[in-house]
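In the UniProt record's numbering, the protein residues as written are 1 to 715.
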């Protein structure tokens, strides 16, 4: 009998590429093209093509593990769950609810992220919950909220990119991080548009640009301000737009005028002629866009840096108009949805603020609890991890590997080891899971149904294609069982569609309103863009503010009730008066600048064959063959001064530690900068070196710039 393929989505980055999955007779899963999904039109990168390899029992967890006499040994589910419940209960009793921490992940589905946030606040009563998405695009989110009143990574679909006139791509190497998306930029150029790439390295993406600017790491803020200065000086401000659709221009203008081109050239290393050419290419077409990624965002001034790029868009009338705008390229698979629905320290479902009394009342009513029982905002991700073993005694962690991914990672590893109790839910035995007291094996993307939200704000349905191995359960099952053991018998269903129905009610009326989205719609359409409120068809009341009289979810909404919102801000911005806000910002140095002892700048990033902390991709033979380990990328002049040849082991030393990896010598990087990818543990773990200095608004650590020295390594 022929088995029909199941249409679903890739488990990795925020493109959420469409694919078909078919179980093969030998027990493996075959990936095939799904050309109907508009984002990738069937194209997949190597990670997507090989994603089923991690489904194999050869590389994954299939039994709960508990620590006994210092080692992790197999256990029954009841034994493991009882031990977790006991550990969390003991900590709450002895030290209070805020001594229990919860740490989530940007790869969790919307249903899991929602339930994890609810579990932390309703069952544990703790304020100490955050997630690794804080390390992804929190600075862009904070800047978007300040300027537009709303954060959605891209306020327009990717399909708009080829039809604009110019794109400035800041700090993104799409050719390696999101390869299928590169076709939009190739089509842009084919249509006569211009691509400008800003990156300290001449990456594979930069090689395809019409203009590549290579600023010194940590100086993107000065660069954006210098461009805005030239926009003003050359009379390129869209005065009518500024007057009609914005507020705060005069203060932002004054701040930009303090950054004259020659001054910016000295800071950034980008020449004045290049600055002028950038302004010309950006301003001459009718439409243009700025897209940022981790480069400008993962800085201790990331919010201001993104704000400066938004100011450039506003001053030139390039926001809230068709085929123009500012957008952020979200990285993690569900980085967008993961923060919208409650696993971020300061947020409730629907992107509501936890300190907003009306938001607390609304969500508390959906949850059936007293609003006053909900804790307030807690620590951000790095601050939470830094408090492990001191204020926070126990931690429940789902879908994250901070021992590899967090800044100052050696310190964070020690903090994890100092916990009284650690429970981890994961697919594989990650470096963090290996330190746990209890590890639970949970289902993966192909083994469960759930929704994710892509970088476009497109809510998607991932469908279950295969059955999980015996001994593996879903995160929803885990939270249900733990809630029951901790005295909350209702409110934690295991069916993802039932969870999504509650999420709809909780999000209704919020900035990220999903109330008009149903599983039925998602199964029939290629995703629905939020906000998508529930409309009143035929004049009937379809309020989702509360469940039905019998406690059931509100009834389904017809698929044609609201079309969703692919393009935001065309009529007004999400501010009280509908105007976008200029935010005046000024350049300041990175938290750690080079000096005599540490004279070189380190920046970090990804390679095409690995993903995030590598916990899953490092278990795929084909990907390991393409990218077997870390390396130190350095310019020939720097290598000559060091006396290092290609492949020689090089030690990179910061104030926080030391990492060693082979030299990769190339002219594609600035002579004052070295680059290391962040996918590996061990002696090549670059996050041993990175600086946890936090942005004051977003609490994003400064992954992208820190001072280091290089040393040769003798055997």
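Note that beta-carbon positions come from the ideal geometry of N, C-alpha and C, so glycine has one too.
Here the structure is a predicted model, which means the values were calculated and not measured.
Would you tell me roughly how many angstroms separate the C-alpha atoms of residue i and residue j, rounded to the nearest one?
{"i": "residue 271", "j": "residue 265", "result": "5 Å"}
{"i": "residue 321", "j": "residue 234", "result": "23 Å"}
{"i": "residue 6", "j": "residue 446", "result": "9 Å"}
{"i": "residue 437", "j": "residue 572", "result": "51 Å"}
{"i": "residue 555", "j": "residue 333", "result": "Because residue 555 sits at a pLDDT of 42, beneath the cut-off of 50, its placement in the model cannot be relied upon, and the following sentence gives the value as read from the coordinates. Distance between the alpha carbons of residue 555 and residue 333 is about 29 Å."}
{"i": "residue 155", "j": "residue 358", "result": "26 Å"}
{"i": "residue 331", "j": "residue 607", "result": "13 Å"}
{"i": "residue 40", "j": "residue 622", "result": "22 Å"}
{"i": "residue 122", "j": "residue 577", "result": "35 Å"}
{"i": "residue 452", "j": "residue 523", "result": "13 Å"}
{"i": "residue 433", "j": "residue 72", "result": "10 Å"}
{"i": "residue 626", "j": "residue 617", "result": "11 Å"}
{"i": "residue 134", "j": "residue 487", "result": "31 Å"}
{"i": "residue 26", "j": "residue 153", "result": "40 Å"}
{"i": "residue 546", "j": "residue 365", "result": "For residue 546, the pLDDT reaches just 35, beneath the cut-off of 50, and the residue's location in the model is therefore unreliable, leaving the point undetermined."}
{"i": "residue 340", "j": "residue 348", "result": "7 Å"}
{"i": "residue 50", "j": "residue 20", "result": "13 Å"}
{"i": "residue 211", "j": "residue 612", "result": "28 Å"}
{"i": "residue 543", "j": "residue 561", "result": "Bear in mind that a pLDDT of 40 at residue 543, under 50, signals an unreliable position, so the number given afterwards is only what the model happens to contain. Looking at the two C-alpha atoms, the distance is approximately 13 Å."}
{"i": "residue 170", "j": "residue 221", "result": "11 Å"}
{"i": "residue 633", "j": "residue 258", "result": "35 Å"}
{"i": "residue 705", "j": "residue 516", "result": "43 Å"}
{"i": "residue 143", "j": "residue 306", "result": "6 Å"}
{"i": "residue 8", "j": "residue 449", "result": "9 Å"}
{"i": "residue 713", "j": "residue 77", "result": "47 Å"}
{"i": "residue 599", "j": "residue 711", "result": "12 Å"}
{"i": "residue 308", "j": "residue 90", "result": "48 Å"}
{"i": "residue 293", "j": "residue 581", "result": "21 Å"}
On a Cα-Cα basis, can you pick out the residue from the options that is closest to residue i?
{"i": "residue 670", "options": "650, 690, 699, 635", "result": "635"}
{"i": "residue 494", "options": "668, 598, 614, 111", "result": "111"}
{"i": "residue 177", "options": "683, 679, 705, 505", "result": "679"}
{"i": "residue 568", "options": "318, 49, 284", "result": "318"}
{"i": "residue 44", "options": "615, 33, 62", "result": "33"}
{"i": "residue 252", "options": "488, 583, 67", "result": "583"}
{"i": "residue 166", "options": "289, 36, 481, 25", "result": "289"}
{"i": "residue 624", "options": "217, 656, 610", "result": "610"}
{"i": "residue 277", "options": "213, 238, 140", "result": "213"}
{"i": "residue 689", "options": "55, 657, 239", "result": "657"}
{"i": "residue 316", "options": "489, 246, 691, 146", "result": "246"}
{"i": "residue 455", "options": "417, 312, 291, 381", "result": "291"}
{"i": "residue 57", "options": "130, 314, 444, 704", "result": "444"}
{"i": "residue 696", "options": "533, 361, 301", "result": "301"}
{"i": "residue 217", "options": "228, 109, 297", "result": "297"}
{"i": "residue 530", "options": "86, 431, 511, 520", "result": "511"}
Check the C-beta distance from residue i over to residue j and give it rounded, since I have them as a contact under 8 Å.
{"i": "residue 384", "j": "residue 103", "result": "7 Å"}
{"i": "residue 148", "j": "residue 574", "result": "6 Å"}
{"i": "residue 661", "j": "residue 676", "result": "6 Å"}
{"i": "residue 652", "j": "residue 601", "result": "The pair is not a contact, with the Cβ atoms about 11 Å apart (cut-off 8 Å)."}
{"i": "residue 81", "j": "residue 481", "result": "5 Å"}
{"i": "residue 128", "j": "residue 392", "result": "6 Å"}
{"i": "residue 684", "j": "residue 659", "result": "6 Å"}
Determine the contact status of residue i and residue j, defining contact as a CB-CB distance below 8 Å.
{"i": "residue 99", "j": "residue 350", "result": "no"}
{"i": "residue 478", "j": "residue 442", "result": "yes"}
{"i": "residue 476", "j": "residue 88", "result": "no"}
{"i": "residue 184", "j": "residue 161", "result": "yes"}
{"i": "residue 17", "j": "residue 137", "result": "no"}
{"i": "residue 243", "j": "residue 702", "result": "no"}
{"i": "residue 11", "j": "residue 29", "result": "no"}
{"i": "residue 406", "j": "residue 379", "result": "no"}
{"i": "residue 514", "j": "residue 338", "result": "no"}
{"i": "residue 126", "j": "residue 105", "result": "no"}
{"i": "residue 287", "j": "residue 615", "result": "no"}
{"i": "residue 181", "j": "residue 158", "result": "yes"}
{"i": "residue 164", "j": "residue 323", "result": "yes"}
{"i": "residue 281", "j": "residue 227", "result": "no"}
{"i": "residue 492", "j": "residue 119", "result": "yes"}
The ligand SAM heavy atoms versus the CB of residue i: any closer than 7 Å?
{"i": "residue 397", "result": "You won't find the ligand SAM in this model; it holds no ligand whatsoever."}
Are any of the Cβ atoms in chain D nearer than 8 Å to that of residue i?
{"i": "residue 307", "result": "As a matter of chain content, chain D is missing from the structure shown, which is built from one protein chain."}
| query | What are the complete beta strand (DSSP E) segments, minimum 3 residues, inside the stretch 321-367? | reply | 325-328
| Along the chain, which unbroken stretches of the alpha helix (DSSP H) at least 4 residues long are found entirely within the stretch 369-422? | 381-386, 402-405, 409-417
| field | Those runs of the beta strand (DSSP E) which lie wholly inside the stretch 630-675 and span at least 3 residues | value | 632-634, 649-654, 657-665
| Contained beta strand (DSSP E) runs [length at least 3] in the stretch 156-218, N- to C-terminal order | 166-170, 194-198, 211-213
| field | Entirely enclosed beta strand (DSSP E) segments - the stretch 7-75, minimum 3 residues | value | 18-23, 29-32, 65-68, 71-74
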